[in-house]
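Structure record follows, encoded as structure tokens.
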Amino acid sequence: MVYWLMANPNAGEKDNRGAEFWRNYLESAGIVDIRDCSLDDKSWTEEVGPRDFILAAGGDGSVNAAAGFCLDTGATLAVLPSGTANDFARNLGLPDDPQHVCNLVSAGRTRMLDVATTDNGLFLNVAHIGLGTLPVRESSADAKRLLGRFSYGVALLQKLRVYRGFHGLIETEKGVVAGRWLTIAVSSGAFFGGGNEIPQASAGDGQLDVVAVRPRSLFQLFMTFLTVRLSRNSPKRTSTVVHLKSPTVSITTRSRRTVTMDGDIAGDTPLRAQCRPACLKVICEELVTT
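Residue numbering for the sequence shown follows the numbering used here, beginning at -6 and increasing consecutively.
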């Protein structure tokens, strides 16, 4: 059994949660067989076995890469939250205290988690089309360090007044919805965008959640967001928001649109995603259901 520590030195907004930071806590939890690895040199992945653990210390993009290695090798994924948003860690209900996290890794309690697969790879949290891709494309590293997860919101507000949306067709097993959209998010879990909750969702329910927002005034969008946040109920097919649940989703757009997955650019539309249920073994006490 080997613990592969994959730390992203550029992730996060503070605390410098790199390899040495986590190594101290891991050793305090009784974990000693730790080997450093990175995304720059992937030769180590040939040595990973199904009894091993891949410890991902980084943001959602780093965790996404580690999950791919785990699916290929049968290893267990352990998330050491070190990024800006840490939405995947929220799905797992991981504590903020790093020693508590490492104690969970040492205890080895696991759950099986869903993964969303596409032609261009996989995502654990969310795929975005439209306005939701702008923070990834335009939020600078300096802004992320200064404002943390709020840099995503700043980037959106800066563009919202001039962004008019795009024409798109959303196809699921529950039906087809077409129209002009401000943004479309396809989520495999219950959180995205730095802690925004998707009502009645879980990373282990075997479903993808599609949340699509139509172009409206800033006031209308704010009131819709506030209503959903306070009621904690799934939005119906209102004039502003559409929320659909389905194991498969296909989204086509009239013109090519950028697709981002777990905080990284993943290509262009069309997007075809499928939920692969209970396929990823993760360190977790209980999956969060919103």
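Beta carbons are placed, not taken as given, at the ideal position from N, Cα and C, and that holds for glycine. Just so you know, these numbers come straight off a predicted model, no measurement behind them.
In chain order, which continuous runs of the alpha helix (DSSP H) of length 4 or greater are located wholly inside the stretch 52 to 86?
53 to 66, 80 to 84
Sub-8 Å separation of S99 and A22 beta-carbons:
As a working mapping, residue 99 is identified with position 106 in the sequence shown. As a working mapping, residue 22 is identified with position 29 in the sequence shown. Their beta carbons are under 8 Å apart, which means S99 touches A22 by this criterion.
CB-CB under 7 Å to A196, same chain, minus the five flanking residues each way: which ones, in chain order?
As a first step, residue 196 must be located in the sequence shown, where it is residue number 203. These residues qualify, in order along the chain: N84, L106, D107, S181, G182, A183, L280.
Just checking my contact of D45 with W(-3) at CB under 8 Å: how many whole Å lie between their CB atoms?
Stepping through the sequence shown from its first residue, residue 45 is reached at position 52. Stepping through the sequence shown from its first residue, residue -3 is reached at position 4. That pair is a contact at about 6 Å.
Per DSSP, what kind of secondary structure is S21 in: helix, strand or coil?
Counted from its first residue, the sequence shown places residue 21 at position 28. Of the three classes helix, strand and coil, the one that applies to S21 here is helix, per DSSP.
Have a look at G61 and N189 and give me their C-alpha separation to the nearest angstrom.
The residue labelled residue 61 in the question sits at position 68 within the sequence shown. The residue labelled residue 189 in the question sits at position 196 within the sequence shown. About 25 Å.
On the premise that L70 lies in contact with M(-1), defined as a C-beta separation below 8 Å, what is that separation, rounded to the nearest angstrom?
Position 6 of the sequence shown, counted from the first residue, corresponds to residue -1. Position 77 of the sequence shown, counted from the first residue, corresponds to residue 70. 10 Å between Cβ atoms; not a contact.
Mark E278 as exposed unless 16 or more other C-beta atoms lie within 10 angstroms of its C-beta, in which case mark it buried.
For this step, residue 278 is matched to residue 285 along the sequence shown. Flag for E278 reads exposed.
Is the Cβ-Cβ distance between G125 and A194 less than 8 Å?
In the sequence shown, the residue the question calls residue 125 occupies position 132. In the sequence shown, the residue the question calls residue 194 occupies position 201. Contact: no.
For the stretch 89 to 136, list the beta strand (DSSP E) runs that are entirely contained and at least 3 residues long, ordered along the chain.
103 to 111, 114 to 116, 119 to 123
E190, DSSP secondary structure in three states
Along the sequence shown, read from residue 1 onward, the residue named residue 190 stands at position 197. Three-state DSSP puts E190 in a strand.
Go to S243, then tell me how far its beta strand (DSSP E) extends in each direction, as first and last residue.
Within the sequence shown, residue 243 is the residue found at index 250, counting from 1. Looking at the DSSP string, the run of the beta strand (DSSP E) that includes S243 is 241 to 246.
In chain order, what residues of the same chain have a beta carbon less than 6 Å from the beta carbon of P270, not counting five sequence neighbours either side?
In the sequence shown, the residue the question calls residue 270 occupies position 277. Once the five neighbours on either side are set aside, the close Cβ partners of P270 are D107, G199.
Reference R250, options H236, L162, Q267, closest by Cα
Numbered from 1 along the sequence shown, position 257 holds the residue referred to as residue 250. Taking only the C-alpha atoms, the option nearest R250 is L162.
Using C-beta distances below 6 Å, list every residue in its chain close to T245, excluding the 5 sequence neighbours before and after it, in chain order.
If you number the sequence shown from 1, residue 245 lands on position 252. Same-chain partners within the cutoff: L162, P263.
According to DSSP, simplified to helix, strand and coil, what is S210?
Locating residue 210 in the sequence shown gives position 217, counting from the first residue. Coil.
Spatial distance of D202 from I191 (CA atoms)
Walking along the sequence shown from the start, residue 202 turns up at place 209. Walking along the sequence shown from the start, residue 191 turns up at place 198. If I take the Cα positions, the gap works out to 8 Å.
Any idea if K238 is buried or exposed, counting beta-carbon neighbours within 10 angstroms, 16 or more meaning buried?
Numbered from its first residue, the sequence shown carries residue 238 at position 245. That one is buried.
Return the residue from the list N79, S243, V72 that minimises the CA-CA distance to T110.
Reading the sequence shown from its first residue, position 117 is the one you call residue 110. Comparing Cα positions, the closest option is S243.
Rounded separation between L175 and I24 - CA only:
Locating residue 175 in the sequence shown gives position 182, counting from the first residue. Locating residue 24 in the sequence shown gives position 31, counting from the first residue. Approximately 47 Å between the Cα atoms of the pair.
A178, DSSP secondary structure in three states
Counted from its first residue, the sequence shown places residue 178 at position 185. Three-state result, A178: strand.
Spatial neighbours of P88 within its chain, please: C-beta separation below 7 Å, excluding the five flanking residues on both sides.
Position 95 of the sequence shown, counted from the first residue, corresponds to residue 88. These residues qualify, in order along the chain: V94.
Hey, how far is the Cα of G54 from the Cα of S210?
Here residue 54 is taken as the residue at index 61 of the sequence shown, counted from 1. Here residue 210 is taken as the residue at index 217 of the sequence shown, counted from 1. The straight-line gap from Cα to Cα measures roughly 32 Å.
Note down, in chain order, each residue of its chain lying with its Cβ closer than 6 Å to the Cβ of A247, except the 5 sequence neighbours on either side.
Here residue 247 is taken as the residue at index 254 of the sequence shown, counted from 1. It should be pointed out that residue 247 corresponds to Arg in this sequence rather than to Ala. Cβ neighbours of R247 beyond the five flanking positions: H160.
Considering only the alpha carbon of each residue, which of P240, V56, R157, E166 lies closest to V206?
Here residue 206 refers to the residue found at position 213 of the sequence shown. Checked all of P240, V56, R157, E166; the closest Cα to V206 is R157.
By Cβ distance below 6 Å, which residues in the same chain neighbour V119 in space, the five residues on each side in sequence not counted?
Counted from its first residue, the sequence shown places residue 119 at position 126. Correct list, in chain order: A178, S180, F185.
Look up A0 in the DSSP assignment and say whether it is helix, strand or coil.
As a first step, residue 0 is located in the sequence shown; it is residue number 7 there, counting from the start. Of the three classes helix, strand and coil, the one that applies to A0 here is strand, per DSSP.
Have a look at G172 and Q267 and give me their C-alpha separation to the nearest angstrom.
In the sequence shown, residue 172 corresponds to position 179, counting from 1. In the sequence shown, residue 267 corresponds to position 274, counting from 1. In a straight line, the C-alpha of G172 is about 22 Å away from that of Q267.
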